[in-house]
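Taking it in order: structure first as structure tokens, then the write-up.
What follows is the structure, given as structure tokens:
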């Protein structure tokens, strides 16, 4: 990739300055809420929603592990994430789920395993046992959205699982029809699938050209720009953050400054605590008769994902902090 010109470097620096306070607030809130991610210490136990939240926290932890030269604050944050994951991962209930739950849930379990230090993960569940579950439960053949097969391959490769999945290139082309993408008609679900395909195909920006050709990345940039404008107008802050992260993952210099309006929109909407309306949700639930603890817990489930994706948008492929 060609080196950015001085004007591009200046634009990137300005965008980073816009992003920094937004990301810092999101990280502070996540740090303060880490206990909520452990489904086994929350009021209603290990519900599916809580296991999903835990797997998404594991994604943040795993991708932080791939970063070089994390600063002290982020190293401590990663250690705290791993403590939460370790506490949950030792629970027998969680392990039973990969034997008795739907085979599609294997991916989230594998992600938690990957987010732990490898030696620690192997002492709890050896890779050979994961391989056995992968094969005996026919995980690769379980029906799932096309982008989820790309996701499975991404994590299986990092874990070192033996498999016969199609190549990442083949899986990307199944998940994304580059010639039929229309930013005006894509549903929210379709946008989520597109952003996640970009995440996994580029290794969250670490290897932008591993699977996609330069022309394909340039084409995606022309799709993401009107999508960004549309989602800001629709105030869909989860997806605004995912679009920012997608544009950063493409590693195209012009995309650095193109995210500036999105960062500004997040900054103008974000509450002082780092969320996008958690306090409003919590207060409404308390008015409906929930206790303060229960209201805070449900507000967490409603609001954590926006914060988590905002943090990831500022951390990958390299931290803006």
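Numbering (the working numbering), first residue to last: 1349 to 1669. Where is the CB? At the ideal position from N, CA and C, for every residue including glycine.
Nearest-angstrom Cα separation, counted from residue j out to residue i
i, j, result
"residue 1364", "residue 1662", "8 Å"
"residue 1479", "residue 1622", "40 Å"
"residue 1669", "residue 1371", "8 Å"
"residue 1395", "residue 1449", "13 Å"
"residue 1461", "residue 1437", "8 Å"
"residue 1313", "residue 1368", "No statement about residue 1313 is possible, as the shown extent of the chain runs from 1349 to 1669 and does not include it."
"residue 1631", "residue 1643", "8 Å"
"residue 1383", "residue 1432", "7 Å"
"residue 1444", "residue 1453", "11 Å"
"residue 1451", "residue 1358", "48 Å"
"residue 1399", "residue 1391", "14 Å"
"residue 1463", "residue 1418", "16 Å"
"residue 1496", "residue 1638", "36 Å"
"residue 1387", "residue 1407", "16 Å"
"residue 1421", "residue 1361", "21 Å"
"residue 1625", "residue 1618", "8 Å"
"residue 1536", "residue 1581", "14 Å"
"residue 1510", "residue 1491", "20 Å"
"residue 1534", "residue 1583", "16 Å"
Closest Cα partner of residue i within the set the options
i, options, result
"residue 1502", "1491, 1520 and 1489", "1520"
"residue 1458", "1482, 1435 and 1440", "1482"
"residue 1555", "1598, 1401, 1403 and 1649", "1598"
"residue 1549", "1564, 1456 and 1421", "1564"
"residue 1402", "1659, 1658 and 1653", "1653"
"residue 1659", "1386, 1404 and 1397", "1404"
"residue 1366", "1516, 1447, 1614 and 1486", "1614"
"residue 1524", "1512, 1543 and 1411", "1543"
"residue 1607", "1428, 1575, 1439 and 1434", "1575"
"residue 1538", "1374, 1552, 1493 and 1566", "1493"
"residue 1375", "1423, 1441 and 1466", "1423"
"residue 1378", "1389, 1429 and 1415", "1429"
"residue 1488", "1467, 1512, 1553 and 1466", "1512"
"residue 1650", "1522, 1389, 1397 and 1467", "1397"
"residue 1389", "1414, 1473, 1628 and 1439", "1439"
Residue i in three-state terms, based on DSSP
i, result
"residue 1549", "helix"
"residue 1432", "helix"
"residue 1538", "helix"
"residue 1413", "helix"
"residue 1349", "Here residue 1349 scores only 48 on pLDDT, less than 50, and its place in the model is too uncertain to base an answer on."
"residue 1471", "helix"
"residue 1654", "helix"
"residue 1503", "helix"
"residue 1560", "coil"
"residue 1612", "helix"
"residue 1454", "helix"
"residue 1391", "coil"
"residue 1490", "coil"
"residue 1366", "helix"
"residue 1645", "helix"
"residue 1619", "coil"
"residue 1440", "helix"
"residue 1581", "helix"
"residue 1510", "coil"
For residue j and residue i, believed in contact at Cβ under 8 Å, the rounded distance
i, j, result
"residue 1611", "residue 1592", "7 Å"
"residue 1667", "residue 1596", "Rounded, the Cβ-Cβ distance is 11 Å, inconsistent with contact."
"residue 1545", "residue 1498", "6 Å"
"residue 1609", "residue 1571", "That belief does not hold up - the Cβ atoms of residue 1609 and residue 1571 are roughly 16 Å apart, past 8 Å."
"residue 1587", "residue 1579", "5 Å"
"residue 1567", "residue 1526", "6 Å"
Contact test: residue i Cβ vs the ligand NAP heavy atom, cutoff 7 Å
i, result
"residue 1381", "In the structure shown, the ligand NAP is absent, as is every other ligand, since no ligand is present at all."
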